[in-house]
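Participant: Let me give you the structure first, and then I'll get to my questions.
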Amino acid sequence: MAQPVSATPDHGSCTIGRVLTAVGDKWSLRLLCEAALNGVTRFKDFQTVLGVAPDVLGQRLTKLVDEGLLTKEPYQEPGQRSRFRYGLTPAGEELRLALAALQQWGEVHRPRPDSVALTEVGRTLGSDRPVRVAFVDDEGHVVPADDIDFRYSV
327 MAQPVSATPD HGSCTIGRVL TAVGDKWSLR LLCEAALNGV TRFKDFQTVL GVAPDVLGQR
387 LTKLVDEGLL TKEPYQEPGQ RSRFRYGLTP AGEELRLALA ALQQWGEVHR PRPDSVALTE
447 VGRTLGSDRP VRVAFVDDEG HVVPADDIDF RYSV
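Numbering-wise (our numbering), the sequence shown opens with residue 327 and increments by one.
Next comes the structure, spelled out in structure tokens:
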């Protein structure tokens, strides 16, 4: 079994700590989930889906743009004033896997009280078969989580 690298890592040396500094507050993760998993892009739609106050929403969207996870692009519907839509950057797209892993974990360990479960399915497999997030080696074999060690490299 691997020994812990540090009993009290600081955010400078702890990758997860640095990630949580960028996206760890409640609204940032929820915004990223809506963008990455549900395709939400507009301020009004984020506000409707999440029920977040407009000032908080604006702050979190700005932070996610500043962190390089969302883009901010103007758009204008006919007869309306110019507004912004938000899209995932390549770095934001890469978070989709981590968000799906959190979703998968939550379905098992924090299920919804109404027993409705979200299942990820593969669109390109031709059969809408359920898929899951897992550790996979370079040859495509699934590796059990208890067989994984984390090692630093320089």
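In this text, a Cβ means the ideal position worked out from N, Cα and C, and glycines have one as well. What you are looking at is a predicted structure, and each value in this text was computed from that prediction instead of being measured.
For proline 400, list the residues DSSP reports as bridge partners.
Facilitator: Residue 400 sits at position 74 when you count from the first residue of the sequence shown. BP columns for proline 400 point to Phe410.
Participant: Quick one: is tryptophan 353 buried, meaning 16 or more other Cβ sit within 10 Å of its Cβ, or exposed?
Facilitator: Here residue 353 corresponds to residue number 27 of the sequence shown, with the count starting at 1. So tryptophan 353 ends up on the buried side.
Participant: Mind checking which residues open and close the alpha helix (DSSP H) that includes valine 391?
Facilitator: Against the sequence shown, residue 391 aligns to sequence position 65. Per DSSP, valine 391 belongs to the alpha helix (DSSP H) from 380-392.
Participant: Indicate whether glutamate 403 and alanine 348 have their beta-carbon atoms separated by less than 9 Å.
Facilitator: Locating residue 403 in the sequence shown gives position 77, where the first residue counts as 1. Locating residue 348 in the sequence shown gives position 22, where the first residue counts as 1. No, the Cβ-Cβ distance between glutamate 403 and alanine 348 is not below 9 Å.
Participant: Report the partner residues of arginine 477 according to the DSSP bridge assignment.
Facilitator: Position 151 of the sequence shown, counted from the first residue, corresponds to residue 477. None, per the DSSP bridge assignment.
Participant: To the nearest angstrom, report how far apart leucine 414 and leucine 396 are at their CA atoms.
Facilitator: Counting from one through the sequence shown, the residue named residue 414 turns up at place 88. Counting from one through the sequence shown, the residue named residue 396 turns up at place 70. Straight-line Cα distance between these residues: approximately 5 Å.
Participant: In whole angstroms, what separates the C-alpha of alanine 328 from that of proline 470?
Facilitator: Counting from one through the sequence shown, the residue named residue 328 turns up at place 2. Counting from one through the sequence shown, the residue named residue 470 turns up at place 144. Since pLDDT at alanine 328 reaches only 49, below the 50 mark, its modelled position is unreliable, and the value read off the structure follows with that caveat. If you take the alpha carbons of alanine 328 and proline 470, they lie about 15 Å apart.
Participant: Assess, as a yes-or-no matter, whether the segment 360-372 is touched by the segment 419-428 under the definition of 3 or more beta carbon pairs within less than 8 Å.
Facilitator: yes
Participant: For tyrosine 412, count neighbouring Cβ atoms within 10 angstroms of its own Cβ and tell me buried if that reaches 16, exposed if not.
Facilitator: Stepping through the sequence shown from its first residue, residue 412 is reached at position 86. Buried is the label assigned to tyrosine 412, since at least 16 other Cβ atoms lie within 10 Å of its Cβ.
Participant: Could you have a look at valine 345 and say whether DSSP puts it in helix, strand or coil?
Facilitator: Here residue 345 corresponds to residue number 19 of the sequence shown, with the count starting at 1. Residue state, collapsed to three classes: helix.
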